[in-house]
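Trainee: Pasting a structure here, questions to come.
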Amino acid sequence: MKPYYILAALPFIAILGGAAFVNKIDPYVLGIPFFLFWISFWAVMSSIIMFVIYRLDPLNKEVEE
Amino acid sequence: MNSALVIIILALTLSIALGLMAKRGKDMSMEQWAIGGRGFGGIFVFLLLAGETYSVFTLLGTSGLAFNNGAAAFYLLAFTALGTMTSYWILPPIWKYAKEKNVVSQSQFFSSKYNSNGLGVFVAIVGVLALIPYITILFKSMGILVSATSYGAISSNVAVWVGMIGLLVYVMVSGIHGSAWTSTIKDVLILFVIVFLGIYLPVHYHGSFGGLFQSVNEFKPQALTLPHKGLSVSWFVSTVAISAFAYFMWPHNAPTIYASKNAKAFRLNAVLLPIYALMVLFVYFVGFTAIVELPGLKNGDLALLELSMKTFDPWFVGIVGATGLLATLVPGSMMLMSAATMITTNVIEPLKPGISDKSKAFSAKGFVVLLSILCAFFSMSGSETLATLYLTSFSLITQMAPSLYLSLRKNNGITKYGSGYGMFVGVAIVLYVTFSKTTMASLFPSLPSVIQDLNIGIIALFSNILVMLIVSFFTKKSLVVELKS
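Chains as they are written, first to last, in this note's numbering: chain W, 20 to 84; chain E, -5 to 479.
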């Protein structure tokens, strides 16, 4: 278990734990109601976080058979 | 015949031709037909995994759910983003084990891991059970699609039968190679169609996304957030959790996973797939536009098509329809093939040891035909929305997750009995609730709505885990006693 793997928990906490707090229309962000924006934002963050993990993890530097 | 139908029929012919071309020059043993001889690179794996996720359900079912239930539909984007991240950790060990042990199907994975053919048979049955509502969605969509785009000239039942035969021909001639190629075309088309519709329709009717949501807010403000009861926050969280947990548990994901050349492909996919899920956002825009523009519409699953027909010329409706058809064929063929492979490896082979490769392929294809006919009948009889069927299939498949996840650990404390009984209890609860149409609210009227609104899949999942742990604890002890005596 590498410590930076913990980063991957953030989107789970934000979406599963945050849903109760962000279930609202205002404020609109980029014209999109807040609840939908929050989920879309964390979908993008998921990819960014996984990219960071991918780059940090020495597993992906090895040349595989 | 209108130009929309002509384009749809052309697409069907083209994909069958592609299937035939992909097959040419390849010796199609069971391993080739099902998992392409384990030689697929990262991009093909991406296309297939994405191809399995974005089916015609994304077009019709997702826009339908947004039209009917508004914000509840956001669960699809949420669980896809979270579920695909797990690819990084879950898939490499699954792939590695399957490669070492020559596993070609999901049920075989279980029977090999837990060293129990009985469990393999049971997993094959659960997998097929979970696929039935999913394949039914595909056939139902095909009916909706063709009857709508033929502007009523073809009835939806006729469309289901014709579509089913098309799908069968496609599966028979191509195998996984054909699906990979058609998947490429389908993924480009579906991305284009969804993004185009999702931008054009709101801008055309409301000037901008902001304008669209302002109109929705005036017309039906409750559509933009989750309600206090029913499809509430606790429904949302429990549904996202079980669906993300179940993300790669599908029998039709298994062949794609095994078809990969290396483990790195899965870690790369964990980076690419979450952001790819944003595509669903544009489908919501279509569903929300339909809320304002088609206030009289009864069946939400028709929202995307009705709105397209209202807005565009028939030829473009044909493009949308052709995309929908390809988005039926690719996942449909993967589902049917994986179901057939499970039945062959875990039911037919043990019953008839030493069966030849040729007869194996033959029996697998026979099973494909039977399953298709069954699902075609279901698609014509039920009145459930596409989204309801989708939720049921996920509640079922998620029951496989606990014992599969735990089997990836070095020291798996779960026994075959624990795995089997746990899954049995989970599946039984989901089936009972689905068929008796009971809800948590009617079973436990005095509980607070936070608990009543929970997706039944998560109740079943907790019961499953509990039974799995208890049974494993006791059977492990008795195994040790047996060994000692």
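Built from N, CA and C at the ideal position, the CB exists for glycine as well. What you are looking at is a predicted structure, and each value in this text was computed from that prediction instead of being measured.
Please compile the residues from chain W whose C-beta is within a distance smaller than 9 Å of the C-beta of Arg261(E).
Mentor: Position 267 of the second sequence holds residue 261(E). Within 9 Å Cβ-Cβ: Met69, Ile72, Tyr73, Asp76, Leu78 and Asn79.
Trainee: Taking one C-beta from the segment 275 to 288 of chain E and one from the segment 186 to 199 of chain E each time, how about it: are there three or more such pairs within less than 8 Å?
Mentor: yes
Trainee: For Ile51(W), write down the residues that DSSP places opposite it in a beta bridge.
Mentor: Walking along the first sequence from the start, residue 51(W) turns up at place 32. Beta-bridge pairing links Ile51(W) to Val48(W).
Trainee: Quick check: the Cα distance between Val152(E) and Met64(W), rounded to an integer number of angstroms?
Mentor: Here residue 152(E) refers to the residue found at position 158 of the second sequence. Here residue 64(W) refers to the residue found at position 45 of the first sequence. The straight-line gap from Cα to Cα measures roughly 45 Å.
Trainee: Provide the residue(s) that pair with Phe34(E) in DSSP beta bridges, ordered along the chain.
Mentor: If you number the second sequence from 1, residue 34(E) lands on position 40. Bridge partners of Phe34(E): Ser254(E).
Trainee: I need the boundaries of the alpha helix (DSSP H) containing Pro22(W), first residue and last residue.
Mentor: Locating residue 22(W) in the first sequence gives position 3, where the first residue counts as 1. Pro22(W) -> no alpha helix (DSSP H), and no H or E assigned at all.
Trainee: On the premise that Ser228(E) lies in contact with Val444(E), defined as a C-beta separation below 8 Å, what is that separation, rounded to the nearest angstrom?
Mentor: Start at 1 with the first residue of the second sequence, and residue 444(E) comes out as number 450. Start at 1 with the first residue of the second sequence, and residue 228(E) comes out as number 234. Indeed they touch by this definition, with Cβ atoms about 5 Å apart.
Trainee: Closer than 7 Å by beta-carbon distance: list the chain E residues that pair up with Phe31(W), in chain order.
Mentor: In the first sequence, counting from the first residue as 1, residue 31(W) sits at position 12. Near Phe31(W) (Cβ distances below 7 Å), the residues of chain E are Leu76.
Trainee: Using 10 angstroms around the beta-carbon of His222(E), count the other beta-carbons present and answer buried if the total reaches 16, otherwise exposed.
Mentor: The residue labelled residue 222(E) in the question sits at position 228 within the second sequence. That one is exposed.
Trainee: So, with DSSP's three-state summary, where would you put Leu183(E)?
Mentor: Within the second sequence, residue 183(E) is the residue found at index 189, counting from 1. Residue state, collapsed to three classes: helix.
Trainee: Nearest to Leu161(E) by alpha carbon, out of Phe306(E), Leu320(E) and Asn62(E)?
Mentor: Sequence index remark: in the second sequence, residue 161(E) carries index 167 (1-based). It is Leu320(E) whose Cα lies nearest to the Cα of Leu161(E).
Trainee: Of all Cβ atoms in chain E, is any one closer than 8 Å to the Cβ of Leu35(W)?
Mentor: In the first sequence, counting from the first residue as 1, residue 35(W) sits at position 16. At a cut-off of 8 Å between C-beta atoms, Leu35(W) counts as an interface residue with respect to chain E.
Trainee: For my contact list, Thr78(E) and Leu299(E) are in at a C-beta cut-off of 8 Å; report their separation, rounded to the angstrom.
Mentor: The residue you call residue 78(E) lines up with position 84 of the second sequence. The residue you call residue 299(E) lines up with position 305 of the second sequence. No, Thr78(E) and Leu299(E) are not in contact; Cβ-Cβ is about 28 Å, not under 8 Å.
Trainee: According to DSSP, is Trp244(E) helix, strand or coil?
Mentor: Here residue 244(E) refers to the residue found at position 250 when the second sequence is read from its first residue. It is coil, neither helix nor strand.
Trainee: Within 10 angstroms of its Cβ, does Val50(E) collect 16 or more other Cβ (buried), or is it exposed?
Mentor: Residue mapping note: residue 50(E) aligns to position 56 of the second sequence, counting from 1. Flag for Val50(E) reads buried.
Trainee: Does chain E have any CB closer than 8 Å to the CB of Lys21(W)?
Mentor: Translated into positions along the first sequence, residue 21(W) becomes position 2. Judged by the 8 Å Cβ criterion, Lys21(W) is not in contact with chain E.
Trainee: Is the segment 75 to 90 of chain E touching the segment 329 to 340 of chain E in the sense that three or more CB pairs, one from each, lie closer than 8 Å?
Mentor: no
Trainee: Along the chain, which unbroken stretches of the alpha helix (DSSP H) at least 4 residues long are found entirely within the segment 129 to 157 of chain E?
Mentor: none
Trainee: According to DSSP, is Tyr108(E) part of a helix, a strand, or is it coil?
Mentor: On the second sequence, position 114 is the one that residue 108(E) refers to. Secondary structure of Tyr108(E) (DSSP, three-state): coil.
Trainee: Please determine if the segment 429 to 446 of chain E and the segment 271 to 281 of chain E are in contact, where contact requires at least 3 C-beta pairs separated by less than 8 Å.
Mentor: Contact between the segment 429 to 446 of chain E and the segment 271 to 281 of chain E is absent: fewer than 3 CB-CB pairs across the two stretches fall below 8 Å.
Trainee: What's the C-alpha gap between Tyr194(E) and Ser101(E)?
Mentor: Numbered from its first residue, the second sequence carries residue 194(E) at position 200. Numbered from its first residue, the second sequence carries residue 101(E) at position 107. Cα to Cα, Tyr194(E) sits roughly 44 Å from Ser101(E).
Trainee: What did DSSP end up calling Val98(E) once you bin it into helix, strand or coil?
Mentor: Mapped onto the second sequence, residue 98(E) falls at position 104. Three-state result, Val98(E): coil.
Trainee: Three or more C-beta pairs closer than 8 Å, one from the segment 38 to 50 of chain W and one from the segment 43 to 57 of chain E: is that the case here?
Mentor: no
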